[in-house]
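**Student:**
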Amino acid sequence: MKQLLGPFFLLLLSLAAHAQRTGTGFTQQFNQASVLLSTGDTLSGPLALHRSEDMLTMTMADNTVRTLPAVNVQSFAVQGERYDRRREQYYYDDFYSMRQGYYYGSPFFNSMPVPRRRERPDTALVRVFRTYRWNRDNDYSDFRTPGFFEQLSGGPIILLRREGLIERPVNYNGPIGYGGYGYGSPYGAGRTMGYYTDVKDNFYLGMPNGNVLPLRNPKKDLLSYFRNHNRQI
Numbered sequence: 005m006k007q008l009l010g011p012f013f014l015l016l017l018s019l020a021a022h023a024q025r026t027g028t029g030f031t032q033q034f035n036q037a038s039v040l041l042s043t044g045d046t047l048s049g050p051l052a053l054h055r056s057e058d059m060l061t062m063t064m065a066d067n068t069v070r071t072l073p074a075v076n077v078q079s080f081a082v083q084g085e086r087y088d089r090r091r092e093q094y095y096y097d098d099f100y101s102m103r104q105g106y107y108y109g110s111p112f113f114n115s116m117p118v119p120r121r122r123e124r125p126d127t128a129l130v131r132v133f134r135t136y137r138w139n140r141d142n143d144y145s146d147f148r149t150p151g152f153f154e155q156l157s158g159g160p161i162i163l164l165r166r167e168g169l170i171e172r173p174v175n176y177n178g179p180i181g182y183g184g185y186g187y188g189s190p191y192g193a194g195r196t197m198g199y200y201t202d203v204k205d206n207f208y209l210g211m212p213n214g215n216v217l218p219l220r221n222p223k224k225d226l227l228s229y230f231r232n233h234n235r236q237i
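For the sequence shown, the working numbering begins at 5 and goes up steadily by one.
1. Does the contact criterion of 3 or more C-beta pairs under 8 Å hold for the stretch 151-167 versus the stretch 131-140?
2. Can you say whether Ile-162 is buried or exposed, counting buried as having 16 or more other CB atoms within 10 angstroms of its CB?
3. Give the DSSP-derived three-state secondary structure of Asp-225 in the structure shown.
4. Buried or exposed for Met-62, please, with buried defined as at least 16 other CB atoms from any protein chain shown within 10 angstroms of its CB.
5. Using a threshold of 8 Å, state whether the C-beta atoms of Val-203 and Gly-210 are closer than that.
6. Take Gly-49 as the anchor and find which of Thr-31, Ala-81 and Pro-73 has the nearest alpha-carbon.
7. May I ask you to report which of helix, strand or coil DSSP gives Asn-35?
8. Are Met-59 and Ala-37 touching if we call contact CB-CB under 8 Å?
9. For Leu-53, report the span of its beta strand (DSSP E) as first-last.
10. Please list, in chain order, all residues of the same chain as Asp-66 whose beta carbon is under 6 Å from its beta carbon, the five residues on each side excluded.
Spelled out as structure tokens, the structure:
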């Protein structure tokens with residue numbers, strides 16, 4: 005158990021600290037996919053994952069498109085994510101990198117590593133998703149519907165991730181703002197320039213009965229669930 009929980013916990017912490025991707029839509033395209041249906045049949049081909057709707061669309065060999073809601077899918081594996089260049093116009097890291105000393109003319113310019121400007125999908129990575137029933141994070145509801153969750157560890161209790169869109173403000177004095185006072189006045193330092201859409205990682209534990217346990221505070225909730233193994237973790 006100790007050997008299992010150690011890497012399990014480290015994986016969760018590293019994912020929680022990972023940079024988040026930006027974009028306007030929430031549909032991801034993959035060049036290759038294999039889908040295991042609830043009937044036991046398997047489909048292969050290019051796939052689009054519609055995250056908000058918990059739905060897949062697959063292009064079949066005869067160029068027809070098949071729609072697969074989560075209730076019809078047991079699991080699926082994808083590879084070769086297609087990068088959407090439209091995401092780049094919504095990425096706000098230019099000024100932040102310059103404030104870290106990475107700009108032409110800085111005495112540290114040639115000695116500093118080039119900052120990672122944006123996350124690009126790893127086209128060789130195989131990602132596995134499974135269908136679990138959940139209450140859509142509504143603690144006051146016992147009604148559970150099927151949804152897609154990305155598998156991040158082995159079982160029988162599985163670490164899961166579900167990505168969701170969130171709007172974040174851009175402030176003048178924030179790391180991606182202008183770094184000064186709004187309109188030359190100290191009273192404008194906290195002014196909001198606008199908003200951008202970000203992708204937020206939400207973590208869960210997948211139970212053997214097909215339900216999920218949300219990890220809203222991942223470190224605290226994980227230790228609480230595995231309280232008998234806190235020392236090993």
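We put the beta carbon where it would ideally sit given N, CA and C, even for glycine.
**Tutor:** On the basis of the coordinates in this document:
1. With a cut-off of 8 Å, the stretch 131-140 and the stretch 151-167 count as touching, because enough Cβ pairs lie within range.
2. Under this definition Ile-162 is a buried residue.
3. In this structure, Asp-225 counts as helix in the three-state DSSP scheme.
4. Buried is the call here.
5. No, they are not a contact pair.
6. Looking at the Cα atoms, Ala-81 is the closest of the given residues.
7. In the structure shown, Asn-35 falls within a strand segment according to DSSP collapsed to helix, strand and coil.
8. Not closer than 8 Å, so no.
9. Residues 51-54.
10. Setting aside the 5 residues that flank it on each side, Asp-66 has no residue in the same chain whose C-beta is closer than 6 Å to its C-beta.
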